[in-house]
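S.K.: Here it is, the structure, as structure tokens.
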Amino acid sequence: MPSPKKPLDAHEARVTRAQRRLIALGAALVKTPFDTGTHDQLRHFLTHDADEVLTSLRTLEDRPEAELRARIAELAGHHLWTPGGAA
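Residue numbering for the sequence shown follows our numbering, starting at 1258 and increasing by one per position.
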């Protein structure tokens, strides 16, 4: 896959890291639901990181649809969508 023209901005990077972290924690909870280390990590995320991540997510969601679609296309390495219409 081609690399994007510009790297992830701070909000995109924060949300991406959090999504990967939460998926890993969710998988760990499924595998070993009573592991106290996993619970501690989840608590830490919710206490220390979640607010900042949610702020970044809201910032991304507030972007105009055309901007979001263009950015997704850039990151995915294709441009099937054009402003004013679908592929």
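Glycine included, each C-beta is placed from N, C-alpha and C at the ideal position.
1. Under 8 angstroms by Cβ, that's how I've got threonine 1273 and leucine 1265 pegged, so tell me the actual separation to the nearest angstrom.
2. Tell me which same chain residues have a C-beta within less than 8 angstroms of the C-beta of alanine 1267, skipping the five on either side of it?
3. Since histidine 1268 is in the alpha helix (DSSP H), which residue starts that stretch and which ends it?
4. With DSSP run on the structure shown, which of helix, strand or coil describes arginine 1320?
5. For alanine 1284 and aspartate 1306, which I take to be in contact (beta-carbon distance under 8 angstroms), what is that distance rounded to the nearest angstrom?
M.R.: The relevant details are as follows:
1. At roughly 6 angstroms, the Cβ-Cβ gap stays under 8 angstroms, so threonine 1273 and leucine 1265 are in contact.
2. Correct list, in chain order: Ser1313.
3. From DSSP, the alpha helix (DSSP H) with histidine 1268 extends over 1267 to 1288.
4. It is coil, neither helix nor strand.
5. Between aspartate 1306 and alanine 1284 the Cβ distance is about 18 angstroms, and since that is not below 8 angstroms, they are no contact.
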